[in-house]
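Numbered per this note's numbering, the sequence shown finishes at 145, counting up by one with no gaps.
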Amino acid sequence: MKPNYTSLGFSDKMGPKLRKLIEHQLSKDIYAYGLIESQLKFDWSESCIEGHDTDYLDGTVENFSGINIFNEKDEHIAEGWMEFIHEPAFHFFIAYWEFIHIIEMGREVVIKDSVGIPPHIFKKIPKQLQAKYKDNLLVDVCR
(Lines of atoms letter the chains of each structure in order from A and count residues from 1; the text may use other names and numbers.)
(Lines give C-alpha, C1' and ligand atoms only; values in the text may rest on other atoms or scores of the structure.)
Protein backbone atom coordinates (compact mmCIF):
# COMPACT_ATOMS: atom_id res chain seq x y z
CA MET A 1 0.00 0.00 0.00
CA LYS A 2 1.30 3.43 -0.92
CA PRO A 3 0.52 6.49 1.21
CA ASN A 4 -1.63 9.38 0.10
CA TYR A 5 -0.75 12.41 2.20
CA THR A 6 -2.58 14.94 0.02
CA SER A 7 -6.19 13.72 0.22
CA LEU A 8 -7.77 14.26 3.63
CA GLY A 9 -10.80 12.06 2.98
CA PHE A 10 -13.69 12.93 5.28
CA SER A 11 -11.26 14.43 7.79
CA ASP A 12 -11.07 17.58 5.68
CA LYS A 13 -13.17 19.42 8.30
CA MET A 14 -10.25 19.39 10.72
CA GLY A 15 -8.04 22.46 10.69
CA PRO A 16 -4.25 22.21 10.98
CA LYS A 17 -4.20 22.77 14.77
CA LEU A 18 -6.81 20.09 15.43
CA ARG A 19 -5.16 17.62 13.04
CA LYS A 20 -1.75 18.18 14.68
CA LEU A 21 -3.21 17.61 18.16
CA ILE A 22 -5.06 14.45 17.14
CA GLU A 23 -2.06 13.00 15.33
CA HIS A 24 0.09 13.71 18.39
CA GLN A 25 -2.42 12.07 20.75
CA LEU A 26 -2.95 9.04 18.48
CA SER A 27 0.83 8.64 18.14
CA LYS A 28 1.23 8.63 21.92
CA ASP A 29 -1.63 6.15 22.22
CA ILE A 30 -0.19 3.70 19.67
CA TYR A 31 3.15 3.81 21.51
CA ALA A 32 1.28 2.55 24.59
CA TYR A 33 0.59 -0.64 22.63
CA GLY A 34 4.27 -1.20 21.90
CA LEU A 35 4.64 0.22 18.41
CA ILE A 36 7.99 1.96 18.50
CA GLU A 37 8.68 4.10 15.47
CA SER A 38 10.59 7.35 15.45
CA GLN A 39 8.20 9.16 13.12
CA LEU A 40 4.61 8.27 12.31
CA LYS A 41 2.95 9.69 9.22
CA PHE A 42 -0.83 9.79 8.91
CA ASP A 43 -2.76 9.06 5.73
CA TRP A 44 -6.35 10.33 6.12
CA SER A 45 -7.34 9.68 2.49
CA GLU A 46 -9.56 6.69 3.38
CA SER A 47 -10.99 8.22 6.54
CA CYS A 48 -14.69 7.68 7.00
CA ILE A 49 -17.24 9.22 9.37
CA GLU A 50 -18.42 6.72 11.97
CA GLY A 51 -20.72 8.55 14.37
CA HIS A 52 -20.46 11.52 16.65
CA ASP A 53 -18.60 14.77 16.09
CA THR A 54 -17.49 17.87 17.95
CA ASP A 55 -16.09 21.27 17.18
CA TYR A 56 -12.69 21.92 18.72
CA LEU A 57 -9.82 24.32 18.05
CA ASP A 58 -9.97 25.15 14.34
CA GLY A 59 -12.30 22.46 13.01
CA THR A 60 -14.63 19.54 13.47
CA VAL A 61 -13.56 16.02 14.40
CA GLU A 62 -15.49 12.77 14.05
CA ASN A 63 -14.62 9.31 15.26
CA PHE A 64 -13.00 8.38 11.95
CA SER A 65 -12.21 4.92 10.66
CA GLY A 66 -9.79 4.18 7.82
CA ILE A 67 -6.78 6.01 9.25
CA ASN A 68 -3.56 4.56 7.85
CA ILE A 69 -0.18 4.99 9.53
CA PHE A 70 3.17 4.89 7.77
CA ASN A 71 6.73 5.10 9.05
CA GLU A 72 9.44 7.48 7.85
CA LYS A 73 10.19 5.10 4.94
CA ASP A 74 6.52 5.28 3.84
CA GLU A 75 5.96 1.65 4.85
CA HIS A 76 2.40 0.86 5.92
CA ILE A 77 2.63 -0.09 9.60
CA ALA A 78 -0.87 0.33 11.07
CA GLU A 79 -4.53 1.06 10.41
CA GLY A 80 -7.25 2.08 12.79
CA TRP A 81 -10.40 3.78 13.91
CA MET A 82 -10.16 6.66 16.36
CA GLU A 83 -12.44 7.76 19.16
CA PHE A 84 -12.39 10.89 21.29
CA ILE A 85 -13.73 12.45 24.46
CA HIS A 86 -14.52 16.15 24.51
CA GLU A 87 -15.75 17.87 27.65
CA PRO A 88 -15.83 21.62 26.89
CA ALA A 89 -16.83 22.63 30.42
CA PHE A 90 -13.61 21.01 31.70
CA HIS A 91 -11.46 22.15 28.74
CA PHE A 92 -10.70 18.48 28.12
CA PHE A 93 -10.13 16.75 24.79
CA ILE A 94 -8.41 13.46 24.09
CA ALA A 95 -8.28 11.24 21.01
CA TYR A 96 -7.39 7.55 21.21
CA TRP A 97 -7.62 4.37 19.16
CA GLU A 98 -10.97 2.58 19.30
CA PHE A 99 -9.69 -0.16 17.02
CA ILE A 100 -6.10 -0.56 15.85
CA HIS A 101 -4.03 -3.21 14.13
CA ILE A 102 -0.44 -3.14 13.01
CA ILE A 103 1.20 -4.67 9.97
CA GLU A 104 4.00 -7.11 10.84
CA MET A 105 5.77 -8.98 8.06
CA GLY A 106 2.85 -8.34 5.71
CA ARG A 107 0.21 -9.58 8.16
CA GLU A 108 -2.36 -7.63 10.15
CA VAL A 109 -1.96 -8.10 13.89
CA VAL A 110 -4.83 -6.98 16.09
CA ILE A 111 -3.78 -4.64 18.88
CA LYS A 112 -7.19 -3.43 20.09
CA ASP A 113 -10.47 -4.78 18.74
CA SER A 114 -12.91 -3.98 21.55
CA VAL A 115 -14.97 -0.84 22.02
CA GLY A 116 -14.04 1.03 25.16
CA ILE A 117 -11.63 3.37 26.85
CA PRO A 118 -8.29 1.69 27.56
CA PRO A 119 -6.97 2.06 31.13
CA HIS A 120 -4.01 4.23 30.07
CA ILE A 121 -6.46 6.73 28.51
CA PHE A 122 -8.97 6.51 31.36
CA LYS A 123 -6.24 7.65 33.77
CA LYS A 124 -5.93 10.89 31.76
CA ILE A 125 -9.60 11.78 32.19
CA PRO A 126 -10.06 14.39 34.94
CA LYS A 127 -11.06 12.74 38.23
CA GLN A 128 -14.35 14.65 38.35
CA LEU A 129 -15.34 13.10 34.98
CA GLN A 130 -14.19 9.53 35.51
CA ALA A 131 -17.52 8.42 37.03
CA LYS A 132 -19.26 9.51 33.82
CA TYR A 133 -17.00 7.25 31.73
CA LYS A 134 -16.37 4.31 34.08
CA ASP A 135 -18.91 2.07 32.30
CA ASN A 136 -16.89 2.53 29.10
CA LEU A 137 -13.61 1.44 30.69
CA LEU A 138 -12.06 -1.42 28.75
CA VAL A 139 -10.56 -4.02 31.04
CA ASP A 140 -9.07 -6.45 28.53
CA VAL A 141 -6.85 -5.03 25.77
CA CYS A 142 -5.48 -7.41 23.12
CA ARG A 143 -1.85 -6.43 23.46
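Glycine included, every Cβ here is placed at the ideal spot set by N, Cα and C.
Nearest to residue 84 by C-alpha distance, out of 137, 125, 70, 9, is 70.
Cβ-Cβ distances below 6 angstroms link residue 82 to 69, 99, 101, 102 in the same chain, with the five nearest sequence neighbours on each side left out; the list follows chain order. For residue 19, no beta strand (DSSP E) run applies; the uninterrupted alpha helix (DSSP H) run containing it begins and ends at 18-34, by DSSP.
For the alpha helix (DSSP H) assignment, the region 30-98 encloses no uninterrupted run of at least 4 residues. In the DSSP assignment, residue 114 falls within the unbroken beta strand (DSSP E) covering 109-114. For the set 121, 115, 63, 35, the Cα lying nearest the Cα of residue 11 is the one of 63. Judged by their CB atoms, residue 87 and residue 135 are nearer to each other than the 8 angstroms cut-off. Residue 101 has 83 as its beta-bridge partners, per DSSP. The Cβ neighbour count for residue 7, taken over all protein chains shown within 10 Å, is under 16; the residue is labelled exposed. Annotation for residue 134: the continuous alpha helix (DSSP H) segment containing it runs 129-135.
If you draw a 10 Å sphere on the C-beta of residue 120, you find 16 or more other C-beta atoms in it, and that means buried. Cα atoms of residue 139 and residue 90: separation of roughly 21 angstroms, rounded to the nearest angstrom. Judged by beta-carbon spacing, residue 53 lies beyond the 8 angstroms limit of residue 17, meaning their Cβ atoms are not closer than that value. Of the candidates 92, 45, 32, the residue whose Cα lies closest to the Cα of residue 114 is 32.
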